[in-house]
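Enquirer: Start counting the sequence shown at 367; every next residue gets the next number (our numbering).
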Amino acid sequence: MTENSSWLSRTELLLGKEKLELLNKSHVLIAGLGGVGSSAAEMLCRAGIGKLTIADSDVFVASNLNRQIPALLSTMGKSKTKIVKQRLLDINPAIEIETVNDYLKDQKLTDLVSLPFDYVIDAIDTFSPKTFLIIKAMAQGHKIVSSMGSGGKTNPELVRVADISETHTCHLAYQLRKRLRRHGISSGFKAVFSTEKTDKNSMIYTDEALNKKTNIGTISYMPVIFGCFCAAVVIRDLTGIEPENRVIDFH
(Lines of atoms letter the chains of each structure in order from A and count residues from 1; the text may use other names and numbers.)
(Lines give C-alpha, C1' and ligand atoms only; values in the text may rest on other atoms or scores of the structure.)
Protein backbone atom coordinates (compact mmCIF):
# COMPACT_ATOMS: atom_id res chain seq x y z
CA MET A 1 0.00 0.00 0.00
CA THR A 2 1.13 3.55 -0.61
CA GLU A 3 1.60 5.92 2.32
CA ASN A 4 -1.16 8.03 0.88
CA SER A 5 -3.72 5.33 0.19
CA SER A 6 -6.70 7.69 -0.06
CA TRP A 7 -6.95 6.83 -3.75
CA LEU A 8 -8.24 3.41 -2.62
CA SER A 9 -10.82 4.84 -0.22
CA ARG A 10 -13.75 3.98 -2.51
CA THR A 11 -12.46 0.43 -2.93
CA GLU A 12 -12.07 0.06 0.83
CA LEU A 13 -15.59 1.40 1.30
CA LEU A 14 -16.88 -1.40 -0.93
CA LEU A 15 -14.64 -4.32 0.05
CA GLY A 16 -13.45 -3.39 3.52
CA LYS A 17 -9.92 -3.03 4.90
CA GLU A 18 -9.32 -6.78 5.33
CA LYS A 19 -10.07 -7.64 1.70
CA LEU A 20 -8.01 -4.70 0.51
CA GLU A 21 -5.06 -6.04 2.48
CA LEU A 22 -5.52 -9.46 0.88
CA LEU A 23 -5.25 -7.86 -2.56
CA ASN A 24 -2.20 -5.86 -1.51
CA LYS A 25 -0.44 -9.07 -0.44
CA SER A 26 -1.28 -10.96 -3.64
CA HIS A 27 0.92 -11.68 -6.66
CA VAL A 28 -0.76 -12.29 -10.03
CA LEU A 29 0.75 -13.44 -13.31
CA ILE A 30 -0.77 -12.05 -16.50
CA ALA A 31 0.37 -13.86 -19.63
CA GLY A 32 -0.43 -11.81 -22.73
CA LEU A 33 -0.88 -8.04 -22.86
CA GLY A 34 -3.29 -7.63 -25.74
CA GLY A 35 -6.74 -6.14 -25.35
CA VAL A 36 -7.68 -8.68 -22.67
CA GLY A 37 -4.46 -8.88 -20.67
CA SER A 38 -3.66 -5.16 -20.60
CA SER A 39 -7.20 -4.37 -19.43
CA ALA A 40 -7.04 -7.04 -16.73
CA ALA A 41 -3.70 -5.64 -15.56
CA GLU A 42 -5.11 -2.14 -15.23
CA MET A 43 -8.23 -3.30 -13.38
CA LEU A 44 -6.11 -5.25 -10.90
CA CYS A 45 -3.77 -2.31 -10.40
CA ARG A 46 -6.67 0.06 -9.78
CA ALA A 47 -8.14 -2.44 -7.30
CA GLY A 48 -4.95 -2.33 -5.21
CA ILE A 49 -3.21 -5.59 -6.12
CA GLY A 50 0.26 -5.63 -4.59
CA LYS A 51 2.36 -7.35 -7.24
CA LEU A 52 2.01 -8.25 -10.90
CA THR A 53 4.19 -10.22 -13.26
CA ILE A 54 3.31 -9.28 -16.83
CA ALA A 55 4.52 -11.32 -19.80
CA ASP A 56 4.45 -10.52 -23.53
CA SER A 57 7.12 -10.50 -26.22
CA ASP A 58 5.30 -8.14 -28.61
CA VAL A 59 5.46 -4.43 -29.37
CA PHE A 60 2.50 -2.19 -30.12
CA VAL A 61 1.49 -1.93 -33.77
CA ALA A 62 -1.19 0.06 -35.58
CA SER A 63 -3.71 -2.80 -35.61
CA ASN A 64 -3.75 -2.67 -31.78
CA LEU A 65 -5.20 0.85 -31.71
CA ASN A 66 -8.81 -0.26 -32.07
CA ARG A 67 -8.95 -2.29 -28.83
CA GLN A 68 -5.83 -2.11 -26.63
CA ILE A 69 -5.98 0.74 -24.14
CA PRO A 70 -2.19 1.27 -23.85
CA ALA A 71 -1.89 1.37 -27.66
CA LEU A 72 -1.43 5.01 -28.70
CA LEU A 73 0.33 6.70 -31.57
CA SER A 74 3.03 7.56 -29.06
CA THR A 75 3.53 3.90 -28.07
CA MET A 76 3.81 2.39 -31.55
CA GLY A 77 6.81 0.06 -31.87
CA LYS A 78 7.41 0.04 -28.13
CA SER A 79 7.46 -3.00 -25.85
CA LYS A 80 4.06 -3.87 -24.41
CA THR A 81 5.53 -4.88 -21.07
CA LYS A 82 7.48 -1.62 -20.79
CA ILE A 83 4.52 0.59 -21.68
CA VAL A 84 2.04 -1.27 -19.49
CA LYS A 85 4.47 -1.18 -16.56
CA GLN A 86 4.90 2.59 -16.95
CA ARG A 87 1.14 3.06 -17.12
CA LEU A 88 0.46 0.99 -14.01
CA LEU A 89 3.18 2.74 -12.01
CA ASP A 90 1.59 6.04 -12.99
CA ILE A 91 -1.60 4.77 -11.31
CA ASN A 92 0.06 3.27 -8.23
CA PRO A 93 3.81 3.94 -7.79
CA ALA A 94 3.91 1.40 -4.96
CA ILE A 95 2.83 -1.61 -7.02
CA GLU A 96 5.56 -4.19 -7.67
CA ILE A 97 5.83 -5.18 -11.32
CA GLU A 98 8.04 -7.83 -12.87
CA THR A 99 8.23 -8.00 -16.66
CA VAL A 100 8.88 -10.98 -18.93
CA ASN A 101 9.62 -10.04 -22.53
CA ASP A 102 10.19 -13.55 -23.85
CA TYR A 103 7.93 -15.73 -25.96
CA LEU A 104 6.56 -18.24 -23.45
CA LYS A 105 7.63 -21.75 -24.34
CA ASP A 106 9.71 -24.68 -23.12
CA GLN A 107 11.94 -24.03 -20.10
CA LYS A 108 11.13 -20.31 -19.93
CA LEU A 109 7.47 -21.15 -19.43
CA THR A 110 8.25 -23.85 -16.88
CA ASP A 111 10.52 -21.52 -14.91
CA LEU A 112 7.94 -18.74 -14.93
CA VAL A 113 4.99 -20.76 -13.60
CA SER A 114 7.18 -22.34 -10.92
CA LEU A 115 7.04 -19.00 -9.07
CA PRO A 116 4.57 -18.69 -6.16
CA PHE A 117 1.70 -16.83 -7.80
CA ASP A 118 -1.63 -16.37 -6.04
CA TYR A 119 -3.43 -16.37 -9.40
CA VAL A 120 -2.65 -16.77 -13.10
CA ILE A 121 -4.51 -14.95 -15.87
CA ASP A 122 -4.11 -16.58 -19.26
CA ALA A 123 -4.71 -13.91 -21.90
CA ILE A 124 -2.71 -15.62 -24.65
CA ASP A 125 -4.39 -15.86 -28.04
CA THR A 126 -2.32 -18.62 -29.65
CA PHE A 127 -2.98 -22.29 -28.97
CA SER A 128 0.40 -23.81 -28.15
CA PRO A 129 1.63 -21.38 -25.47
CA LYS A 130 -1.92 -21.05 -24.13
CA THR A 131 -2.29 -24.79 -23.73
CA PHE A 132 1.08 -25.34 -22.11
CA LEU A 133 0.74 -22.36 -19.78
CA ILE A 134 -2.42 -23.95 -18.40
CA ILE A 135 -0.85 -27.41 -18.16
CA LYS A 136 2.22 -26.10 -16.33
CA ALA A 137 0.26 -23.74 -14.08
CA MET A 138 -2.17 -26.50 -13.07
CA ALA A 139 0.76 -28.79 -12.31
CA GLN A 140 2.01 -26.12 -9.90
CA GLY A 141 -1.41 -25.88 -8.25
CA HIS A 142 -2.05 -22.32 -9.36
CA LYS A 143 -5.53 -20.87 -9.60
CA ILE A 144 -6.19 -19.94 -13.23
CA VAL A 145 -8.67 -17.90 -15.21
CA SER A 146 -8.30 -18.22 -18.96
CA SER A 147 -9.74 -15.90 -21.59
CA MET A 148 -11.40 -17.53 -24.55
CA GLY A 149 -12.10 -15.75 -27.84
CA SER A 150 -13.42 -12.19 -27.80
CA GLY A 151 -12.94 -11.70 -31.54
CA GLY A 152 -15.77 -11.86 -34.04
CA LYS A 153 -18.31 -10.90 -31.38
CA THR A 154 -20.19 -7.74 -30.46
CA ASN A 155 -22.69 -8.61 -27.69
CA PRO A 156 -21.34 -7.92 -24.18
CA GLU A 157 -24.45 -9.42 -22.58
CA LEU A 158 -23.37 -12.92 -23.64
CA VAL A 159 -20.02 -12.98 -21.81
CA ARG A 160 -19.90 -15.70 -19.16
CA VAL A 161 -17.58 -17.24 -16.53
CA ALA A 162 -17.57 -21.01 -16.01
CA ASP A 163 -15.28 -23.96 -15.51
CA ILE A 164 -13.59 -24.80 -18.81
CA SER A 165 -15.64 -28.03 -18.96
CA GLU A 166 -18.85 -25.97 -19.09
CA THR A 167 -17.83 -23.66 -21.93
CA HIS A 168 -19.67 -23.89 -25.22
CA THR A 169 -20.20 -22.13 -28.56
CA CYS A 170 -16.69 -20.62 -28.52
CA HIS A 171 -14.37 -22.21 -31.10
CA LEU A 172 -11.23 -21.32 -29.16
CA ALA A 173 -12.65 -22.99 -26.04
CA TYR A 174 -13.55 -26.09 -28.05
CA GLN A 175 -10.05 -26.41 -29.48
CA LEU A 176 -8.46 -25.75 -26.09
CA ARG A 177 -10.59 -28.44 -24.43
CA LYS A 178 -9.51 -30.94 -27.09
CA ARG A 179 -5.83 -30.16 -26.59
CA LEU A 180 -6.05 -30.28 -22.80
CA ARG A 181 -7.87 -33.62 -22.80
CA ARG A 182 -4.82 -35.14 -24.51
CA HIS A 183 -2.92 -34.20 -21.36
CA GLY A 184 -5.56 -35.53 -18.98
CA ILE A 185 -7.14 -32.15 -18.19
CA SER A 186 -10.87 -31.69 -18.66
CA SER A 187 -11.77 -29.28 -15.86
CA GLY A 188 -10.33 -27.39 -12.90
CA PHE A 189 -9.95 -23.79 -13.97
CA LYS A 190 -12.22 -20.89 -14.83
CA ALA A 191 -12.75 -19.53 -18.31
CA VAL A 192 -14.20 -16.26 -19.58
CA PHE A 193 -16.10 -16.94 -22.79
CA SER A 194 -19.03 -15.77 -24.88
CA THR A 195 -22.07 -17.73 -25.99
CA GLU A 196 -22.28 -15.53 -29.10
CA LYS A 197 -21.47 -17.30 -32.36
CA THR A 198 -18.47 -15.90 -34.20
CA ASP A 199 -19.23 -14.05 -37.40
CA LYS A 200 -17.37 -16.14 -39.99
CA ASN A 201 -17.13 -13.11 -42.27
CA SER A 202 -14.86 -11.49 -39.66
CA MET A 203 -12.13 -14.13 -40.09
CA ILE A 204 -9.23 -14.18 -42.54
CA TYR A 205 -6.49 -16.77 -42.81
CA THR A 206 -2.89 -15.64 -42.40
CA ASP A 207 0.56 -17.09 -41.77
CA GLU A 208 2.12 -13.83 -40.65
CA ALA A 209 1.91 -14.35 -36.89
CA LEU A 210 3.69 -17.03 -34.91
CA ASN A 211 1.36 -19.97 -34.24
CA LYS A 212 -1.66 -18.17 -35.74
CA LYS A 213 -3.79 -19.50 -38.56
CA THR A 214 -6.46 -16.78 -38.61
CA ASN A 215 -6.98 -13.14 -37.83
CA ILE A 216 -10.39 -12.30 -36.41
CA GLY A 217 -12.07 -8.90 -36.50
CA THR A 218 -12.59 -7.20 -33.16
CA ILE A 219 -14.53 -4.26 -31.78
CA SER A 220 -13.08 -1.85 -29.21
CA TYR A 221 -15.02 -2.94 -26.13
CA MET A 222 -15.14 -6.75 -26.28
CA PRO A 223 -11.50 -7.57 -25.34
CA VAL A 224 -11.68 -4.94 -22.60
CA ILE A 225 -14.83 -6.58 -21.21
CA PHE A 226 -13.14 -9.98 -21.24
CA GLY A 227 -10.20 -8.44 -19.39
CA CYS A 228 -12.52 -6.90 -16.81
CA PHE A 229 -14.20 -10.28 -16.31
CA CYS A 230 -10.80 -11.92 -15.77
CA ALA A 231 -9.84 -9.27 -13.23
CA ALA A 232 -13.19 -9.67 -11.47
CA VAL A 233 -12.67 -13.43 -11.14
CA VAL A 234 -9.25 -12.87 -9.59
CA ILE A 235 -10.40 -10.14 -7.20
CA ARG A 236 -13.48 -12.04 -6.06
CA ASP A 237 -11.60 -15.31 -5.57
CA LEU A 238 -8.66 -13.74 -3.74
CA THR A 239 -10.95 -11.85 -1.37
CA GLY A 240 -13.47 -14.65 -0.89
CA ILE A 241 -16.45 -12.87 -2.40
CA GLU A 242 -19.10 -15.52 -3.06
CA PRO A 243 -20.71 -15.72 -6.51
CA GLU A 244 -24.08 -14.01 -6.60
CA ASN A 245 -26.62 -15.89 -8.65
CA ARG A 246 -29.69 -13.83 -7.84
CA VAL A 247 -31.20 -11.70 -10.56
CA ILE A 248 -32.39 -8.44 -9.05
CA ASP A 249 -35.47 -6.91 -10.63
CA PHE A 250 -35.76 -3.20 -9.89
CA HIS A 251 -39.11 -2.80 -11.66
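Where a beta carbon is used, it is the ideal one built from N, C-alpha and C, also for glycine.
Remember, it's a predicted structure, so these values are computed and weren't measured experimentally.
Between VAL486 and LYS509, how many whole angstroms is the CB-CB distance? I'm expecting something under 8 Å.
Expert: In the sequence shown, the residue the question calls residue 486 occupies position 120. In the sequence shown, the residue the question calls residue 509 occupies position 143. So it is a contact: roughly 7 Å between Cβ atoms.
Enquirer: Helix, strand or coil for SER404? Go by DSSP, reduced to three states.
Expert: Here residue 404 refers to the residue found at position 38 when the sequence shown is read from its first residue. Note: SER404 maps to helix in three-state DSSP.
Enquirer: Do the stretch 486–496 and the stretch 457–467 meet, that is, are 3 or more Cβ pairs less than 8 Å apart?
Expert: Cβ pair count under 8 Å is below three, so no.
Enquirer: Quick check: what's the CA-CA separation for GLY398 versus ALA557?
Expert: In the sequence shown, counting from the first residue as 1, residue 398 sits at position 32. In the sequence shown, counting from the first residue as 1, residue 557 sits at position 191. Going from the Cα of GLY398 to the Cα of ALA557 covers about 15 Å.
Enquirer: Tell whether a beta-carbon distance below 9 Å holds between ALA413 and ILE591.
Expert: By one-based count along the sequence shown, residue 413 stands at place 47. By one-based count along the sequence shown, residue 591 stands at place 225. Result no, Cβ atoms of ALA413 and ILE591 do not sit closer than 9 Å.
Enquirer: Give the list of continuous alpha helix (DSSP H) stretches no shorter than 4 residues that lie fully inside the stretch 526–610.
Expert: Those alpha helix (DSSP H) runs which fall completely within the stretch 526–610 and span 4+ residues are 537–547 and 587–605.
Enquirer: Tell me, please, whether the stretch 444–451 touches the stretch 410–428 by the rule of three or more beta-carbon pairs shorter than 8 Å.
Expert: Taking 8 Å as the limit for Cβ pairs, the verdict is that the stretch 410–428 does touch the stretch 444–451.
Enquirer: Can you name, in chain order, every residue of its own chain whose Cβ lies under 7 Å from the Cβ of GLU378, other than the five neighbours on each side?
Expert: Sequence index remark: in the sequence shown, residue 378 carries index 12 (1-based). Excluding sequence neighbours, GLU378 sits near LEU386.
Enquirer: Between the Cα of SER568 and those of SER516, VAL394, LEU389 and LEU475, spot the shortest distance and give me the residue it belongs to.
Expert: Walking along the sequence shown from the start, residue 568 turns up at place 202. Ranking SER516, VAL394, LEU389 and LEU475 by Cα distance to SER568 puts SER516 first.
Enquirer: What is the DSSP secondary structure of ASP477, counted as helix, strand or coil?
Expert: By 1-based counting over the sequence shown, the position of residue 477 is 111. ASP477: helix per DSSP, three-state reduction.
Enquirer: Please identify the residue among LEU439, LYS471 and LYS519 whose C-alpha is closest to the C-alpha of SER494.
Expert: One-based indexing of the sequence shown puts residue 494 at position 128. Comparing Cα-Cα distances from SER494 to each of LEU439, LYS471 and LYS519, the minimum goes to LYS471.
Enquirer: Would you list the one or two residues that DSSP bridges to ASP488?
Expert: In the sequence shown, counting from the first residue as 1, residue 488 sits at position 122. DSSP output for ASP488 lists ALA397 and SER512 as bridge partner(s).
Enquirer: Have a look at the DSSP bridge pairing and note the partners of LYS417.
Expert: As a first step, residue 417 is located in the sequence shown; it is residue number 51 there, counting from the start. DSSP, once it has assigned bridges, lists HIS393 and GLU462 as partnering LYS417.
Enquirer: Given ASN432, which residues of its chain have a CB within under 8 Å of its CB, disregarding the five upstream and five downstream residues?
Expert: The residue given as residue 432 occupies position 66 in the sequence shown. Cβ within range, chain order: THR584, ILE585 and SER586.
Enquirer: What are the boundary residues of the alpha helix (DSSP H) that includes ALA503?
Expert: Taking the sequence shown and counting its residues from 1, the one referred to as residue 503 is at position 137. It spans 493–505 - the alpha helix (DSSP H) in which ALA503 sits, taken as one unbroken run.
Enquirer: Could you compute how far the alpha carbon of CYS411 sits from the alpha carbon of LEU454?
Expert: Position 45 of the sequence shown, counted from the first residue, corresponds to residue 411. Position 88 of the sequence shown, counted from the first residue, corresponds to residue 454. If you take the alpha carbons of CYS411 and LEU454, they lie about 6 Å apart.
Enquirer: Going by beta carbon distance, what residues of the same chain come within less than 6 Å of MET514, once the five residues before and after it are set aside?
Expert: Sequence index remark: in the sequence shown, residue 514 carries index 148 (1-based). So the qualifying residues of the chain are CYS536, LEU538, ALA539, ALA557 and PHE559.
Enquirer: Going by Cα to Cα distance, which pick from THR497, LEU475 and GLY593 is closest to VAL527?
Expert: In the sequence shown, the residue the question calls residue 527 occupies position 161. Ranking THR497, LEU475 and GLY593 by Cα distance to VAL527 puts GLY593 first.
Enquirer: Under a Cβ-count criterion, where at least 16 other Cβ atoms within 10 Å of its own Cβ denotes burial, should LYS391 be classed as buried or exposed?
Expert: Here the question's residue 391 lines up with position 25 in the sequence shown. Exposed.
Enquirer: Are THR492 and ARG545 touching if we call contact CB-CB under 9 Å?
Expert: Position 126 of the sequence shown, counted from the first residue, corresponds to residue 492. Position 179 of the sequence shown, counted from the first residue, corresponds to residue 545. Cβ distance not < 9 Å, so THR492 and ARG545 don't count as in contact.
Enquirer: Grab the span of the alpha helix (DSSP H) containing THR447 for me, first residue to last.
Expert: Locating residue 447 in the sequence shown gives position 81, where the first residue counts as 1. Taken as a continuous stretch (DSSP letters only), the alpha helix (DSSP H) holding THR447 covers 446–457.
Enquirer: Name the DSSP bridge partner or partners of VAL425?
Expert: As a first step, residue 425 must be located in the sequence shown, where it is residue number 59. Note: VAL425 sits in a beta bridge opposite SER445.
Enquirer: Quick check: LEU604 and ASP529, are their CB atoms within less than 9 Å of each other?
Expert: For the purposes of this step, residue 604 is identified with residue 238 of the sequence shown, where counting begins at 1. For the purposes of this step, residue 529 is identified with residue 163 of the sequence shown, where counting begins at 1. No, the pair does not count as a contact, with Cβ atoms beyond the cut-off.
Enquirer: Which word fits GLN473, buried or exposed, when buried means at least 16 other C-beta atoms lie within 10 angstroms of its C-beta?
Expert: By one-based count along the sequence shown, residue 473 stands at place 107. Classification for GLN473: exposed.
Enquirer: Following the continuous alpha helix (DSSP H) through ARG376, name the residue where it begins and the one where it ends.
Expert: By one-based count along the sequence shown, residue 376 stands at place 10. 375–381 is the span of the alpha helix (DSSP H), which, as asked, contains ARG376.
Enquirer: Going by Cα to Cα distance, which pick from SER372, VAL450 and GLY416 is closest to HIS400?
Expert: The residue labelled residue 400 in the question sits at position 34 within the sequence shown. Note that residue 400 corresponds to Gly in the displayed sequence, not to His. Of the listed residues, the one whose Cα sits closest to GLY400 is VAL450.
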